[in-house]
Amino acid sequence: MSDTKPRAKGEMPEALLTDELIASMSKRAGTQLRIEHSTNNEEATRIAVAKFAAGIGDINPLWTDAEYATASPYGARVAPPSFFIGCFSGIQFGWPGLGSFHNLTRVTFDKPVYVGDTVNATCTYDGFTGPRPSNFAGNMVTDLFTNRYSNQHGEELAQIHWEVVNFERSAAKEKSKDKSEKGSGPTLPHEWDMDEVERIEAQVLAEAPRGATPRYIEDVKVGDHVDTLTKGPIGLTDEIAFVVGGGTPIPRLSAHAVALHSYAKHPAWSFRDPETSAQEPIYSVHYNKHAARAMGVGYPYDVGFQRQAWQIHHLSHWCGDHGFIKSCESRYRRFVFLSDVVELSGTVTGIRVDDDGEHVVDMDTQAVNQRGEDCMPGKATVALPSRSDDLSASPAAHRAR
């Protein structure tokens with residue numbers, strides 16, 4: 188089954204994992220992909236940084252307040268650590284006619300992005316694992332990618348290793364339909380009592396970044412709780428704001444003739460909305476209920492890289508201006524649907540001096556929704572200053588220009 192063009196309104200192209208498709212994708216392992224059509228920002232301009240910070244809900248003045256940032260260890264405004272996601276995050280690649288979900292991300296950070304920097308991105312397809320049977324959707328394969336980011340000085344800023352699960356969409360739709368008919372899934376959208384909503388919003392407004400007050404390694408103990416950061420109830424504008432900030436892991440959103448020419452060239456990039464009859468990008472599963480259902484999911488849901496940015500936001504809130512996130516990993520185990528609330532937190536699991544001679548904290552992180560499900564279990568390593576050293580040698584100051 189190789190036809191990948193939608194056959195009716197509300198349908199997405201469907202295909203099976205054939206031997207021919209597997210052989211074709213095997214030949215592409217090791218390819219450095221063309222990503223210009225999915226690059227959203229190439230310069231960390233003042234506005235680009237502000238839009239990205241707003242798109243992930245990050246109120247830290249380090250990203251937007253020039254006076255505050257000048258007095259910080261960095262000596263000038265820097266972008267949120269996850270800003271490179273707003274330059275290039277991911278790409279639709281291969282496996283025509285299969286559904287896909289972002290499954291895992293591992294990030295390592297080397298240097299901060301300063302306002303005014305150029306960010307250059309590359310993406311390599313490292314191959315895939317599988318095929319293998321899935322409880323969710325028949326047969327599936329997992330793609331492996333590596334993104335690398337550097338600045339105008341040729342300095343490496345960060346690397347992302349990420350995975351995408353590709354599945355036979357027709358089987359997923361049938362299992363989703365069966366689950367819905369049996370009433371075994373969650374009620375969507377979630378029905379909130381206004382008293383609950385007011386409590387949640389008050390909690391969000393009370394959360395603040397650590398900021399200029401150092402969090403010293405000596406003040407942290409194994410077993411410590413990592414401050415909670417709350418997202419939600421997730422709304423349509425939260426998804427749009429992430430798109431506006433540049434986090435879209437697809438070909439850039441376009442309209443009218445530009446969009447139609449793209450869809451004519453790449454039919455698998457779109458589906459036809461049954462209400463408007465317009466062609467919409469497959470990415471609209473994150474804000475369009477018809478697209479989500481065509482993908483085999485009951486309701487629009489968040490973006491994997493968006494949730495990754497939330498984890499990084501949570502870590503930067505906790506470590507303060509003098510700390511530096513060295514690495515983090517997240518696994519996407521549940522959908523975060525529109526109307527959900529997610530509380531990000533964590534637990535300190537280790538304190539050590541790493542191979543770079545820095546004092547670091549290892550932690551397990553989590554993102555728990557109102558149903559008590561951990562939708563993003565993860566890990567992180569964060570460098571903190573020591574009271575035995577001068578703050579001018581803090582992890583952030585060490586990486587400042």
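Following the numbering used here, the numbering of the sequence shown begins with 188 at its first residue and continues without gaps.
Positions of the beta carbon are idealized from the N, C-alpha and C atoms, including for glycine.
Query	Result
Coarse secondary structure for residue 293, derived from DSSP in three states	strand
Neighbourhood of residue 578 by C-beta distance below 8 Å, restricted to the same chain and skipping five residues each side	260, 401, 509, 572, 584
9 Å Cβ cutoff met for residue 516 and residue 554	no
Between the CA atoms of residue 496 and residue 269 - distance to the nearest angstrom	6 Å
Contact under 9 Å by Cβ, residue 588 with residue 263	yes
Candidates 461, 494, 465, of which the one nearest residue 480 by Cα	461
Rounded distance between the beta-carbons of residue 239 and residue 267, thought under 8 Å	6 Å
Contact between the stretch 305-312 and the stretch 199-208 (3+ Cβ pairs under 8 Å)	no
Under the three-state DSSP convention, the category residue 312 falls into	strand
Reduced DSSP category for residue 204 - H, G, I as helix; E, B as strand; rest coil	coil
Per-residue DSSP class, three states only, for residue 506	helix
At least 3 beta-carbon pairs within less than 8 Å: the stretch 417-433 vs the stretch 241-250	yes
CA-to-CA distance, residue 250 to residue 235, given in whole angstroms	11 Å
Strand pairing of residue 349, partner residues [DSSP]	292, 332
Any beta strand (DSSP E) of 3 or more consecutive residues that is wholly inside the stretch 388-447	412-418
Rounded straight-line distance, which links the Cα of residue 287 to that of residue 211	18 Å
Continuous alpha helix (DSSP H) stretch holding residue 242: start and end	233-242
Complete runs of the alpha helix (DSSP H) confined to the stretch 457-488 [at least 4 residues]	476-481
Secondary structure of residue 301, DSSP reduced to three states	strand
Pair within 9 Å by beta-carbon distance, residue 575 and residue 437	no
Touch test, the stretch 433-451 against the stretch 212-232, Cβ-Cβ under 8 Å, three pairs minimum	yes
For residue 498, the three-state DSSP class (helix, strand or coil)	helix
Beta-carbon proximity check, residue 488 vs residue 522, cutoff 9 Å	yes
Residue 492 versus residue 347 - alpha carbon distance	11 Å
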